[in-house]
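One structure below.
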Amino acid sequence: MKNIAIVYHSGQGNTERLARQVAVGAGRIDGVTVEVIPAQELTADPERLLAFDGFIWGSPTYLGGVSGTFKSFMDATGGLWRTQKLKGKIAAGFTVSSLPSGDKQTTLISMLTFSMQHGMIWVGNPFLPERREGVAYEQSLNRLGSWTGLMAQGGHSAANTSMAEGDLKTAEAFGANFATVLTRVETEAEEVV
Ligand SMILES: Cc1cc2nc3c(=O)[nH]c(=O)nc-3n(C[C@H](O)[C@H](O)[C@H](O)COP(=O)(O)O)c2cc1C
3 MKNIAIVYHS
13 GQGNTERLAR
23 QVAVGAGRID
33 GVTVEVIPAQ
43 ELTADPERLL
53 AFDGFIWGSP
63 TYLGGVSGTF
73 KSFMDATGGL
83 WRTQKLKGKI
93 AAGFTVSSLP
103 SGDKQTTLIS
113 MLTFSMQHGM
123 IWVGNPFLPE
133 RREGVAYEQS
143 LNRLGSWTGL
153 MAQGGHSAAN
163 TSMAEGDLKT
173 AEAFGANFAT
183 VLTRVETEAE
193 EVV
């Protein structure tokens, strides 16, 4: 059995909604367990990360980067970085912002860099946009055209957590793909130097 942690921060519910949809997709795959954990809990106890084989990071995009709360979680893993205890584990990331672009890419790159510094293996969002097959834009898989990780467009406030059907569909596929990759990869890092 491989264990996945979906570690997220959500100020107003949009990122949490996406986290839960990613969990639905990952949970469809045999041989994995999935836990959805607020980043704040792990900031207080980063050693909890050691129990997992794979991580899916989730943060809203705030001013073109991860939220301060999510960054605090990242910084709390400094001790694990020094000992490289997370090396060889599998990681992926997703973000939500209110604008079509909103500089979401920078948020994903920040999660990618964080994972690379820990010696992890990155999994993207490998889906061609379904729009090209004539599916309506709002309903199409990977409609925002992001391969580095999963992107979704959310509301401006808690009162508006509406999300396009296509983004929720992509979240489920993203979770299922990540879990499938995880079942195929050996996550115990071997010493190479
Ligand atoms: C401080 C702050 C900064 C934000 N910066 C951006 C931004 O750079 N780009 C964008 O498209 N939306 C931005 N937003 C909007 C949020 O990304 C959006 O509302 C998102 O759905 C929030 O996710 P949440 O409900 O999980 O908190 C910002 C919101 C806040 C509160």
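Just add 2 to wherever you are in the sequence shown, counting from 1, and you've got this note's numbering.
Where is the CB? At the ideal position from N, CA and C, for every residue including glycine.
The model shown is predicted, which means the values in this text are computed figures rather than measured ones.
Ligand 1 heavy atom lying under 7 Å from the CB of histidine 158: It does: the Cβ of histidine 158 is within 7 Å (strictly closer) of some heavy atom of ligand 1.
Aspartate 105: CB within 7 Å of a non-hydrogen atom of ligand 1: Because some heavy atom of ligand 1 lies under 7 Å away, the Cβ of aspartate 105 counts as near it: yes.
Chain B contact for methionine 3 (CB, 8 Å cutoff): No chain B appears in this structure, which consists of one protein chain only.
Backbone secondary structure at phenylalanine 75 - three-state DSSP: helix
Alpha helix (DSSP H) segment containing threonine 172, residue limits: 167 to 186
Close-in-space but distant-in-sequence residues of the same chain around alanine 25 (CB under 7 Å, 5 per side omitted): Excluding its 5 nearest sequence neighbours in each direction, alanine 25 has C-beta neighbours in its own chain below 7 Å: Ile8, Val36, Val38 and Gly177, listed in chain order.
From Thr45, Phe72, Asp32 and Lys87, residue whose alpha carbon lies closest to that of phenylalanine 54: Lys87
Local conformation of serine 117 per DSSP, three classes: helix
Rounded separation between leucine 143 and threonine 97 - CA only: Separation of leucine 143 and threonine 97 (C-alpha to C-alpha, rounded to the nearest whole angstrom) is 16 Å.
Where leucine 51 falls: helix, strand or coil (DSSP): helix
For glutamate 18, the first and last residue of its enclosing beta strand (DSSP E): First-last for glutamate 18: 16 to 29, but that is the alpha helix (DSSP H), not the beta strand (DSSP E).
Through-space distance from arginine 19 to methionine 113, alpha-carbon basis: 19 Å
CB contact flag (glycine 90, glutamate 167, <8 Å): no
8 Å Cβ cutoff met for glycine 95 and glycine 151: yes
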